[in-house]
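Written below as structure tokens is the structure these notes are about.
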């Protein structure tokens, strides 16, 4: 069974540019989550989809971040325009009725 | 508020010795508690969980954790550490199979 996959694994962009991260959850998982870990700090929740609907987006830092999950399958997280403080590792996770399974993360570096 | 705390930023242990990575929780009701591990350049991997039942939970790679309600703790343990256990360990909780809240992480360094 394929796990949660994230693309790209690394991204280096300049301040002001746009980046789109993608997450493919485990097939059949209705719940999809985005998390972020800024260097040396805790893993922070960003938002939670149930199918294509945003269940909880209380962790989204500001309106430069836009998450979508069209059709309730894969999800994208767009950062536009990127700022230096957006650098970190972005994790995606999915769950059905059991624990969450995480992807390998996307390391985003904004220079 | 529901949360978990990991009081140690780093734990050093000699190979072959028992290891403990500490976690305390403050969750109302019945907590769902988890341990995840992040190896270098890898994603978060699920180690074990406590939902209900036996307080001693066994997980992957020989790890186990003990749920202690009176001390509100869920410490991760392993009887004999391996160098390959060196990684970042996160304690986590959820109020159910919903949003997971993580601790700040503990870096485990196993010294050969």
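Protein chains in written order, with my numbering: chain B, 1 to 111; chain F, 1001 to 1112. Where is the CB? At the ideal position from N, CA and C, for every residue including glycine.
Please classify residue i as buried or exposed, where buried requires at least 16 neighbouring CB atoms within 10 angstroms.
i, result
"residue 43 (chain B)", "buried"
"residue 37 (chain B)", "buried"
"residue 69 (chain B)", "buried"
"residue 31 (chain B)", "buried"
Please compile the residues from chain F whose C-beta is within a distance smaller than 9 Å of the C-beta of residue i.
i, result
"residue 45 (chain B)", "1099, 1100, 1101, 1102"
Taking 6 Å as the cut-off, is the CB of residue i close to at least one heavy atom of the ligand ZN?
i, result
"residue 74 (chain B)", "The ligand ZN is absent from the structure shown, which contains no ligands of any kind."
Just to make sure I have the definition right: I need the residues of chain B whose C-beta is within less than 8 Å of the C-beta of residue i. Which are they?
i, result
"residue 1107 (chain F)", "Result: empty, since nearest Cβ-Cβ is about 10 Å, beyond 8 Å."
Comparing alpha-carbon positions, which option in the options lies nearest residue i?
i, options, result
"residue 1070 (chain F)", "F:1012, F:1094, F:1030", "F:1030"
"residue 1005 (chain F)", "F:1027, F:1045, F:1050, F:1080", "F:1027"
"residue 64 (chain B)", "B:2, B:75, B:7, B:16", "B:16"
"residue 1063 (chain F)", "F:1053, F:1088, F:1035", "F:1035"
Please report the Cβ distance between residue i and residue j, rounded to the nearest whole angstrom; I am assuming they are in contact, meaning their Cβ atoms lie under 8 Å.
i, j, result
"residue 1085 (chain F)", "residue 1078 (chain F)", "7 Å"
"residue 108 (chain B)", "residue 19 (chain B)", "6 Å"
"residue 1107 (chain F)", "residue 1010 (chain F)", "4 Å"
"residue 1101 (chain F)", "residue 1003 (chain F)", "6 Å"
"residue 1074 (chain F)", "residue 1081 (chain F)", "About 19 Å separates the two Cβ atoms, so there is no contact after all."
Residues of chain F with CB under 7 Å from residue i, in chain order?
i, result
"residue 100 (chain B)", "1100"
"residue 57 (chain B)", "Simply none; closest approach about 11 Å."
"residue 112 (chain B)", "The requested residue 112 (chain B) is not part of the displayed model; chain B covers only 1 to 111."
Please list the partners that residue i has in chain F, where partner means a Cβ-to-Cβ separation under 8 Å.
i, result
"residue 33 (chain B)", "1099, 1100"
"residue 91 (chain B)", "1043, 1044"
Minimum length 3: unbroken beta strand (DSSP E) runs contained in the region 1009–1077 of chain F: Fully enclosed beta strand (DSSP E) runs of 3 or longer: 1010–1014, 1019–1021, 1024–1026, 1032–1038, 1044–1050, 1056–1058, 1064–1068.
Ordered list of beta strand (DSSP E) runs contained in the region 65–91 of chain B, each at least 3 residues: As far as the region 65–91 of chain B is concerned, its whole beta strand (DSSP E) runs of at least 3 residues are 65–68, 75–79.
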